[in-house]
Each structure stands twice: as C-alpha cells, then as structure tokens.
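These protein sequence lines are chains A and B, in that order. Just so you know, we're using full-length UniProt numbering here: the first sequence kicks off at 1 and counts up by one. Just so you know, we're using full-length UniProt numbering here: the second sequence kicks off at 1 and counts up by one.
There are 2 protein chains.
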Amino acid sequence: MATIAELAGVSKPTVSKVLNGRSGVALETRRRVEALLREHGYRRPDKTPASATLEVVFYGLESHLAIQIMRGVEQVARRHELAVGFIEANGRTAPGRSWAEQLLARHPVGVIAAFSRFTPEQHAQLAASGIPLVALDPTGEPMHTIPSVGATNWSGGIAATRHLLELGHRRIGVVSGPPDYVAARARLEGCRAAMEIAGLRLDERLVRSGRFFFERGRDFGLELLRLPHPPTALVCGNDLQALGVYTAAWQLGLRIPQDLSVIGFDDIDNTRWCSPPLTTVRQPLTEMGTAAAEMVLALAAGETLLQPRVELSTTLVVRESTAPPAGA
Amino acid sequence: MATIAELAGVSKPTVSKVLNGRSGVALETRRRVEALLREHGYRRPDKTPASATLEVVFYGLESHLAIQIMRGVEQVARRHELAVGFIEANGRTAPGRSWAEQLLARHPVGVIAAFSRFTPEQHAQLAASGIPLVALDPTGEPMHTIPSVGATNWSGGIAATRHLLELGHRRIGVVSGPPDYVAARARLEGCRAAMEIAGLRLDERLVRSGRFFFERGRDFGLELLRLPHPPTALVCGNDLQALGVYTAAWQLGLRIPQDLSVIGFDDIDNTRWCSPPLTTVRQPLTEMGTAAAEMVLALAAGETLLQPRVELSTTLVVRESTAPPAGA
Numbered sequence: 001m002a003t004i005a006e007l008a009g010v011s012k013p014t015v016s017k018v019l020n021g022r023s024g025v026a027l028e029t030r031r032r033v034e035a036l037l038r039e040h041g042y043r044r045p046d047k048t049p050a051s052a053t054l055e056v057v058f059y060g061l062e063s064h065l066a067i068q069i070m071r072g073v074e075q076v077a078r079r080h081e082l083a084v085g086f087i088e089a090n091g092r093t094a095p096g097r098s099w100a101e102q103l104l105a106r107h108p109v110g111v112i113a114a115f116s117r118f119t120p121e122q123h124a125q126l127a128a129s130g131i132p133l134v135a136l137d138p139t140g141e142p143m144h145t146i147p148s149v150g151a152t153n154w155s156g157g158i159a160a161t162r163h164l165l166e167l168g169h170r171r172i173g174v175v176s177g178p179p180d181y182v183a184a185r186a187r188l189e190g191c192r193a194a195m196e197i198a199g200l201r202l203d204e205r206l207v208r209s210g211r212f213f214f215e216r217g218r219d220f221g222l223e224l225l226r227l228p229h230p231p232t233a234l235v236c237g238n239d240l241q242a243l244g245v246y247t248a249a250w251q252l253g254l255r256i257p258q259d260l261s262v263i264g265f266d267d268i269d270n271t272r273w274c275s276p277p278l279t280t281v282r283q284p285l286t287e288m289g290t291a292a293a294e295m296v297l298a299l300a301a302g303e304t305l306l307q308p309r310v311e312l313s314t315t316l317v318v319r320e321s322t323a324p325p326a327g328a
Numbered sequence: 001m002a003t004i005a006e007l008a009g010v011s012k013p014t015v016s017k018v019l020n021g022r023s024g025v026a027l028e029t030r031r032r033v034e035a036l037l038r039e040h041g042y043r044r045p046d047k048t049p050a051s052a053t054l055e056v057v058f059y060g061l062e063s064h065l066a067i068q069i070m071r072g073v074e075q076v077a078r079r080h081e082l083a084v085g086f087i088e089a090n091g092r093t094a095p096g097r098s099w100a101e102q103l104l105a106r107h108p109v110g111v112i113a114a115f116s117r118f119t120p121e122q123h124a125q126l127a128a129s130g131i132p133l134v135a136l137d138p139t140g141e142p143m144h145t146i147p148s149v150g151a152t153n154w155s156g157g158i159a160a161t162r163h164l165l166e167l168g169h170r171r172i173g174v175v176s177g178p179p180d181y182v183a184a185r186a187r188l189e190g191c192r193a194a195m196e197i198a199g200l201r202l203d204e205r206l207v208r209s210g211r212f213f214f215e216r217g218r219d220f221g222l223e224l225l226r227l228p229h230p231p232t233a234l235v236c237g238n239d240l241q242a243l244g245v246y247t248a249a250w251q252l253g254l255r256i257p258q259d260l261s262v263i264g265f266d267d268i269d270n271t272r273w274c275s276p277p278l279t280t281v282r283q284p285l286t287e288m289g290t291a292a293a294e295m296v297l298a299l300a301a302g303e304t305l306l307q308p309r310v311e312l313s314t315t316l317v318v319r320e321s322t323a324p325p326a327g328a
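This is the structure we're talking about:
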C-alpha cells in the first residue's frame with residue numbers, strides 16, 4: 001500500500017479510502033490509484049477481515065427472476081456458512097452513500113451482479129478493492145474482463161423454433177428483447193437460423209424488438225396479430241413478453257393455442273399460473289446462481305478459473321400454448 | 001454471563017455456546033440457560049460486534065411475495081448502511097449447520113421472519129442471543145411474544161365482498177386459505193360479515209378452504225363452478241388461488257368477468273400479467289417490509305416499541321376481473 005501511495009503521489013490514508021470505497025478522494029486521484037492497484041495486482045491482505053457475506057446485486061427490472069437465482073446462491077453460501085446479501089440497484093437516488101459505496105465498505109467475500117450493468121467505474125472500484133465479481137447473464141454489453149455465467153440462448157432460440165416447425169407452423173413471428181442485449185440477440189438469431197436450416201426464411205415484417213416487459217409483448221402482439229397476414233405462432237424474448245402476447249390475443253378474441261401458438265423464454269413461476277400453461281425455453285436460473293456463487297468463491301480463494309465464461313443449457317418445456325396451426 | 005453460568009450450574013463457555021447458537025450443549029441445559037438469560041433480561045454487551053446485517057427469513061412457499069418485501073427492508077437498511085441478508089427456510093436438510101444455527105452465529109443486527117413459523121426453540125435461541133426478531137404477517141399461529149407487522153385482512157375481506165355486492169352479485173363463493181392461518185381466517189370472516197351487514201348470508205356450500213396455492217384455486221374453482229347453482233363471483237384467499245380460478249374458468253369455457261367475477265388478495269405483479277387484469281385486495285408488502293425493518297432496528301437500539309403489533313391498510317384495486325353478473 002505504501003508503494004502504491006508513493007507511486008500515486010498520495011498519502012496512505014488516501015489509498016485506503018480508495019480501497020474501501022470511501023468518499024473524499026478527487027475522481028482523478030481515485031482513478032490513478034485504482035489503475036496502480038490494478039497494475040500491481042494488489043490483493044487485500046488476508047488479515048483484512050471480509051464480512052462473511054456473498055452479495056447479489058439485481059437490476060430492478062428483472063427482479064421477478066431474482067428468487068430463483070437467490071435460491072441457487074444461497075445453497076452454496078449455506079454450505080460455506082456465508083450470509084447472502086440482496087441489493088436492488090435500480091437507480092433510486094437516496095440520501096447518504098450509494099449502494100455501491102456501501103457495498104464496497106462492507107467488504108463482502110464476493111459480489112454477483114445479476115442482470116446488472118456495473119459502470120466501468122464501479123467495476124474498477126471492486127477490482128481495486130480485491131473483491132471478486134462474477135456477472136450472472138449480463139444481458140447488456142459483455143464486459144470480457146469479468147467472469148460470467150449465462151445460458152445457451154442461441155440454442156434455446158433454435159429449440160423453440162424447431163418445435164413450431166415440427167407442429168407445422170411456417171408464418172412464425174418473433175417478439176424479441178432489446179437489440180443491444182446480447183442474450184436477446186442470441187435468441188432471435190437462433191430462431192432465424194432454425195428457419196434457414198429448414199429451408200425457410202424469417203419474415204422481417206413479423207419481427208419486433210423491445211424491452212423485456214409485459215407491455216411490450218402486449219403492444220407488439222397487437223401489432224403483429226392485426227396484420228393482414230398475421231403469424232400463426234410467436235416466439236417471445238422472455239416469459240413476460242409472452243404473457244403480454246396472451247393479453248393481446250385475449251383482447252382480439254383469439255384462442256391460444258387454437259388460433260395462435262406462443263413460446264416464452266426463462267420459465268418463471270408464472271408460466272404455470274397462466275391459461276393455458278406456457279410452453280417456454282427454461283433457463284436454469286437456480287443452477288446459474290449456484291455456478292456464479294461457486295465461481296466467486298473460487299476467485300475469493302485465490303484460484304484461477306479454468307473457464308471465465310460458463311454457459312448452462314437451456315431446455316424446451318412443452319406445455320399447452322403450442323399446437324399445430326389452424327387448418328394444418 | 002458469570003452470574004448466569006453460576007445460576008445454571010454450567011461453565012461460562014457453555015453460556016457462550018448457547019448465546020452464539022453453537023452446538024454441543026444438551027437440549028435441557030440449553031433451555032435452562034436460555035430461560036435464565038430471559039429472566040435476567042440479558043443483553044449482549046455493546047462490545048460484542050454485531051455484523052452490520054438485517055436478515056430476512058422467508059418460508060419457501062410464499063416466496064413470490066419476497067421481492068416486494070425485500071425492497072421495503074432494503075430501503076431502511078440502506079439508510080442505516082446495513083446489508084440485507086436473504087434466507088429461505090424451506091426445510092431442506094443440508095449437511096452442516098442449519099440455517100438457524102448459522103444465522104445465530106452471524107449475530108445480525110436483527111431478524112425479520114416473513115411468513116415463517118419459527119419453532120419455539122428457534123425463537124428462544126434468538127431471544128437468548130439478544131438478537132431482535134420481528135414477524136412479518138405470520139399467517140400461522142400468532143406468537144404474541146414477538147412484535148409483528150401485518151395488514152388489515154378482515155377489512156380487505158369486507159372491501160372485496162362489498163365491491164361484488166355493489167355490482168349486483170348475490171351468489172358469492174369463497175376460495176379461502178388454510179383455516180388455521182389467522183390471516184386467511186380474517187379474510188373469510190370479513191366476507192361473511194359484509195354479506196350479513198347487507199342482510200344476506202354466505203352459503204357455506206360455496207366456501208372451500210385450502211393452501212395458498214395456484215392448484216388449490218384451480219381445483220376448488222372447478223368444484224364450485226360445476227355445482228348445479230354455481231356462484232357468479234369468487235373471492236379468493238390470495239392471488240395465486242385467484243389465478244387458479246382463472247384456469248378453472250378457462251377449462252370450463254367460462255369468460256371472466258362476463259360469466260364469473262374473481263377477486264384476489266395480495267396484489268403481486270402477476271395480477272397485471274393475466275387476462276383480464278385481476279381485481280385484488282392490495283397488501284402493502286413493500287411498506288410492511290419497511291415497517292418491520294424500522295421496528296427491528298428500534299429494538300436493536302434498545303427502544304421499547306409503542307405498539308408490538310402494527311397493521312397496515314389493505315386497499316381494493318379494481319381492475320377488469322369483476323363486472324355485474326350475467327342477466328343483472
């Protein structure tokens with residue numbers, strides 16, 4: 001720490017402030033110190049007590065998936081006698097220190113960022129503090145410097161589309177997630193590939209892209225189902241969009257699956273609580289939580305990960321929202 | 001601690017073990033020490049460091065409500081720079097120490113038991129350790145020794161039933177939660193009271209009671225809707241049961257609300273993701289989480305609670321699943 005202080009031309013307490021995420025350090029100084037800590041591969045000395053906690057940061061909007069992930073993280077944490085911390089980083093501005101500053105000050109054993117986008121600065125702070133970070137399915141820009149856990153999104157798109165093709169559908173539409181989300185893009189490209197492998201072509205007029213919300217599914221569903229030649233089946237970017245399509249169909253008096261087949265993605269609890277139960281591509285969220293927790297603990301133990309990116313398999317779960325097209 | 005050890009006729013390390021929830025103390029000895037700690041109003045001396053965490057224990061089955069509660073707890077925790085711990089106590093048997101033992105050993109600032117039933121022994125352990133405990137809507141037996149936060153369930157039952165009566169319904173059925181759950185009972189009795197105030201009588205043949213599951217709502221819904229004189233409206237014990245009734249109606253080809261009005265209880269996210277959107281009685285879960293966190297922190301600060309039981313208001317949220325009965 002003395003070395004870093006000397007190189008940065010600051011006092012040791014200033015380096016300590018940067019390490020502990022405390023305020024009172026000019027942004028430029030902080031960046032210089034962080035860069036030096038990284039360059040020199042600084043690791044928190046073992047005597048600094050880490051609080052016996054694994055913290056999971058969720059980005060608010062996808063929090064309906066949170067419980068399944070927390071379940072997986074908790075199984076690993078319990079085995080290691082660690083507490084599991086829950087943070088929702090939804091950009092609320094609250095008085096006092098931000099969630100990120102508080103998180104750093106607590107020195108958790110490790111941090112799992114679930115569906116969250118850490119800012120490069122937050123990421124640098126964590127790295128500088130020696131707190132391991134693993135990303136769980138970053139739907140945004142992949143930050144290749146962070147180890148991460150995801151699911152095989154592209155294969156999931158293939159499986160969903162093949163299922164519809166086998167039922168006899170040809171006019172297949174896609175309600176996709178945001179085009180700048182890698183996971184959403186992979187699912188959409190999987191659909192396109194499955195069509196092309198079958199000698200067909202995905203009709204771009206039947207594709208819509210937007211946020212992973214119920215409302216987007218409903219609005220895109222209404223748009224697509226009101227076309228002069230509407231699709232007979234829709235593959236959706238996630239389950240919430242699929243539930244939105246259910247509402248669109250209901251508003252237009254269309255029956256699922258008789259008039260329209262629908263496939264979701266994720267397999268959240270809600271897929272079994274709708275009528276009819278939803279055919280969907282399951283992401284193994286609990287297992288992804290487990291894998292992320294194990295990776296972050298391996299990093300905390302100073303191990304090198306054999307694979308910085310792990311992808312768990314998605315599986316098609318066929319329920320009652322898919323059937324052959326009318327007249328097939 | 002020396003006094004307690006002497007009175008209990010054990011060594012100081014044994015008292016310490018009991019305080020810290022460690023194993024290796026005979027059950028009877030543990031109980032004797034715990035009773036003495038309680039009698040003598042033992043409080044953990046300030047120098048014992050509590051980990052800066054508020055822990056929330058959920059009982060697995062109601063965990064779809066968890067995120068809203070966690071949100072409320074987290075708002076308070078962040079203001080106090082505390083981490084929020086998440087535990088799912090679903091009776092899994094795992095190797096090593098149980099979640100309760102681990103929880104005790106971590107010395108959180110406080111514990112919120114959400115929809116969980118702590119065993120009397122676990123409760124005694126917490127009390128003996130000086131860790132404050134607040135129950136969040138205990139749906140089971142109320143343990144009057146624990147401060148608790150709930151919602152006005154009875155008034156919610158009244159509001160739901162009055163709404164149906166005002167629409168013109170007279171044959172109102174109830175899919176209720178378990179009869180031994182105080183909250184479920186309060187909702188049912190609220191319905192009954194509203195009927196009687198209106199000079200009507202709740203037909204017991206239209207009442208079913210069972211667990212707060214989707215499947216119970218579906219099965220009871222099928223039973224009630226297949227009666228020779230089926231109800232024109234159903235008040236449900238929670239939203240999951242209401243979604244089950246949706247599926248029952250769908251299976252029987254009945255339309256909601258034209259052929260059947262349905263009201264839920266809780267206002268979970270899913271109520272907006274079904275077709276039609278569900279009319280329900282809102283429990284202010286986030287606010288309940290906030291209130292529980294504030295109570296547990298007050299206890300941790302050595303304050304006496306003015307009210308050991310706080311009930312927050314429920315409110316009827318009218319959406320599209322309720323309408324006048326056919327022919328009205």
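C-beta atoms are modelled at their ideal positions from N, C-alpha and C, and glycine is treated no differently. Fair warning: this is a prediction, and the values are worked out from it, not measured in the lab.
Bridge partners of Ser209(B), per DSSP?
Taking the first residue of the second sequence as position 1, residue 209(B) is located at position 209. Answer by DSSP bridge pairing, in chain order: Ser176(B).
Does the beta carbon of Ala26(B) fall short of 7 Å from some heavy atom of the ligand SAH?
Absence of the ligand SAH is noted for the structure shown, with no ligands found whatsoever.
Check the Cβ of Ala52(B) against every Cβ in chain A and list those closer than 8 Å, keeping chain order.
Working through the second sequence from its first residue, we reach residue 52(B) at position 52. Within chain A, the residues near Ala52(B) are Ser51, Arg106.
Kindly give me the distance between the Cβ atoms of Leu133(B) and Val111(B), rounded to whole angstroms, as I take these residues to be in contact under 8 Å.
In the second sequence, the residue the question calls residue 133(B) occupies position 133. In the second sequence, the residue the question calls residue 111(B) occupies position 111. Contact check for Leu133(B) and Val111(B): beta-carbon distance about 5 Å, within the 8 Å limit, so the pair qualifies.
Unbroken alpha helix (DSSP H) run spanning Phe115(A), endpoints:
Sequence index remark: in the first sequence, residue 115(A) carries index 115 (1-based). No alpha helix (DSSP H) holds Phe115(A); DSSP gives it neither H nor E.
Evaluate Val262(A) with the Cβ neighbour count: other Cβ atoms within 10 Å of its Cβ, from every protein chain shown; 16 or more gives buried, anything less gives exposed.
Counting from 1 along the first sequence, the entry for residue 262(A) is found at position 262. The residue is buried, with at least 16 neighbouring Cβ atoms inside 10 Å.
Proximal chain B residues relative to residue 351(A), where beta-carbon distance stays under 8 Å
Given a span of 1 to 328 for chain A in the structure shown, any question on residue 351(A) remains unanswerable.
Within a Cβ cutoff of 8 Å, which residues of the same chain sit near Glu189(A), ignoring the five residues on either side of it in sequence?
Numbered from its first residue, the first sequence carries residue 189(A) at position 189. Result list for Glu189(A): Trp154, Gly157, in chain order.
Use the C-beta contact count for Ile4(A): other C-beta atoms within 10 angstroms, 16 or more gives buried, fewer gives exposed.
Taking the first residue of the first sequence as position 1, residue 4(A) is located at position 4. Its Cβ being crowded by 16 or more others within 10 Å, Ile4(A) is buried.
Between the Cα of Val207(B) and those of Gly199(B), Ile172(B), Thr232(B), spot the shortest distance and give me the residue it belongs to.
Position 207 of the second sequence, counting from 1, holds the residue named residue 207(B). Comparing Cα positions, the closest option is Ile172(B).
8 Å is my cut-off, CB to CB: does Val317(B) come that close to chain A?
In the second sequence, residue 317(B) corresponds to position 317, counting from 1. No, no contact with chain A.
Hey, Ala8(B) and Arg32(B): beta-carbon distance below 8 Å or not?
Looking up residue 8(B) in the second sequence gives position 8. Looking up residue 32(B) in the second sequence gives position 32. The answer is yes: Cβ separation under 8 Å.
For Asn270(A), collect the residues of the same chain with a Cβ closer than 7 Å to its Cβ; drop the 5 residues on either side in sequence, then sort them by chain order.
Translated into positions along the first sequence, residue 270(A) becomes position 270. Cβ neighbours of Asn270(A) beyond the five flanking positions: Asp239, Leu243.
Which runs of the beta strand (DSSP E) fall wholly inside the stretch 153-205 of chain B and span at least 3 residues, in chain order?
Runs of the beta strand (DSSP E) inside the stretch 153-205 of chain B: 172-176.
Under a Cβ-count criterion, where at least 16 other Cβ atoms within 10 Å of its own Cβ denotes burial, should Gln68(B) be classed as buried or exposed?
As a working mapping, residue 68(B) is identified with position 68 in the second sequence. That one is buried.
Determine the direct distance from the alpha carbon of Ala135(B) to that of Arg309(B), and round the result to whole angstroms.
Walking along the second sequence from the start, residue 309(B) turns up at place 309. Walking along the second sequence from the start, residue 135(B) turns up at place 135. Roughly 9 Å between the two C-alpha positions.
Counting only beta-carbon atoms, is Glu294(B) nearer than 8 Å to chain A?
The residue labelled residue 294(B) in the question sits at position 294 within the second sequence. No, because no Cβ of chain A sits closer than 8 Å to the Cβ of Glu294(B).
Spell out the partners DSSP gives Val318(B) in its beta bridges.
Residue 318(B) sits at position 318 when you count from the first residue of the second sequence. Per DSSP, none; premise fails for Val318(B).
To the nearest whole angstrom, what separates the beta carbons of Val57(B) and Ala128(B), a pair I think is in contact under 8 Å?
As a first step, residue 57(B) must be located in the second sequence, where it is residue number 57. As a first step, residue 128(B) must be located in the second sequence, where it is residue number 128. Val57(B) to Ala128(B), Cβ: 17 Å. No contact.
Is the stretch 211-231 of chain A close to the stretch 191-198 of chain A, with three or more CB pairs under 8 Å?
With the cut-off at 8 Å, the stretch 211-231 of chain A and the stretch 191-198 of chain A do not touch.
Quick one: list the residues of chain A neighbouring Val262(B), beta-carbon separation under 7 Å, in chain order.
If you number the second sequence from 1, residue 262(B) lands on position 262. Here the premise fails: no neighbours, minimum Cβ distance about 12 Å.
Might you give, ordered along the chain, the residues of its own chain that have their beta carbon closer than 7 Å to the beta carbon of Met288(B), omitting 5 neighbours on each side?
For the purposes of this step, residue 288(B) is identified with residue 288 of the second sequence, where counting begins at 1. The answer, listed in chain order, is Ile69, Gly72, Leu136, Asp137, Val149, Ala151, Leu312.
Asp137(B) (DSSP reduced to helix, strand or coil):
Position 137 of the second sequence holds residue 137(B). In the structure shown, Asp137(B) falls within a coil segment according to DSSP collapsed to helix, strand and coil.
Could you round the C-beta distance between Asp259(B) and Thr280(B) to whole angstroms and report it? I think they count as a contact, below 8 Å.
Mapped onto the second sequence, residue 259(B) falls at position 259. Mapped onto the second sequence, residue 280(B) falls at position 280. Incorrect: roughly 19 Å between the Cβ atoms, too far for contact.
Straight-line gap, Gly140(B) to Leu316(B) (C-alpha atoms, nearest Å)
Residue numbering aside, residue 140(B) sits at position 140 when the second sequence is read from its first letter. Residue numbering aside, residue 316(B) sits at position 316 when the second sequence is read from its first letter. Its pLDDT being 49, under 50, Gly140(B) is placed unreliably in this model, and the value from its coordinates should be taken loosely. Taken atom to atom, the span from the alpha-carbon of Gly140(B) to that of Leu316(B) is near 24 Å.
In whole angstroms, what is the alpha-carbon distance linking Ala35(B) and Thr286(A)?
As a first step, residue 35(B) must be located in the second sequence, where it is residue number 35. As a first step, residue 286(A) must be located in the first sequence, where it is residue number 286. Cα to Cα, the separation comes out at about 40 Å.
Whole angstroms are fine: how far does the CA of Gly237(B) sit from the CA of Cys191(B)?
Stepping through the second sequence from its first residue, residue 191(B) is reached at position 191. Stepping through the second sequence from its first residue, residue 237(B) is reached at position 237. Near 11 Å, if we compare the C-alpha coordinates of Gly237(B) and Cys191(B).
If we ignore side chains and look at the alpha-carbon of each, how far apart do His163(A) and Thr145(A) end up?
Taking the first residue of the first sequence as 1, we reach residue 163(A) at position 163. Taking the first residue of the first sequence as 1, we reach residue 145(A) at position 145. Their backbone Cα atoms lie some 36 Å apart in a straight line.
With a threshold of 8 Å between beta carbons, is Val84(B) in contact with chain A?
Within the second sequence, the letter at position 84 stands for residue 84(B). It does; some Cβ of chain A falls within 8 Å.
So, helix, strand or coil for Ser261(A), using DSSP?
Translated into positions along the first sequence, residue 261(A) becomes position 261. DSSP places Ser261(A) in strand when its eight states are reduced to three.
Roughly how far, in whole angstroms, is the beta-carbon of Gln251(A) from the beta-carbon of Val175(A), given that I think they are within contact range, below 8 Å?
Taking the first sequence and counting its residues from 1, the one referred to as residue 251(A) is at position 251. Taking the first sequence and counting its residues from 1, the one referred to as residue 175(A) is at position 175. Actually they are not in contact, since the Cβ atoms of Gln251(A) and Val175(A) sit about 15 Å apart, beyond 8 Å.
Quick test of your reading: Thr314(B) and Arg282(B), contact by CB under 8 Å. State the CB separation rounded to the nearest angstrom.
In the second sequence, counting from the first residue as 1, residue 314(B) sits at position 314. In the second sequence, counting from the first residue as 1, residue 282(B) sits at position 282. Indeed, because the Cβ distance is near 6 Å, the residues count as touching under 8 Å.
Name the residue from Cys274(A), Ala183(A), Ala124(A) whose alpha carbon lies nearest to the alpha carbon of Arg319(A).
For the purposes of this step, residue 319(A) is taken as residue 319 along the first sequence, with counting starting at 1. It is Cys274(A).
Beta-carbon within less than 7 Å of Ala300(B)'s beta-carbon, same chain only, minus the 5 sequence neighbours each way: which residues are those?
Walking along the second sequence from the start, residue 300(B) turns up at place 300. Correct list, in chain order: Val109, Gly110, Pro132.
Would you say Glu88(A) lies against chain B (beta-carbon separation less than 8 Å)?
Numbered from 1 along the first sequence, position 88 holds the residue referred to as residue 88(A). Yes, contact with chain B.
According to DSSP, is Gly85(B) part of a helix, a strand, or is it coil?
One-based indexing of the second sequence puts residue 85(B) at position 85. If DSSP states are grouped into helix, strand and coil, Gly85(B) belongs with the strands.
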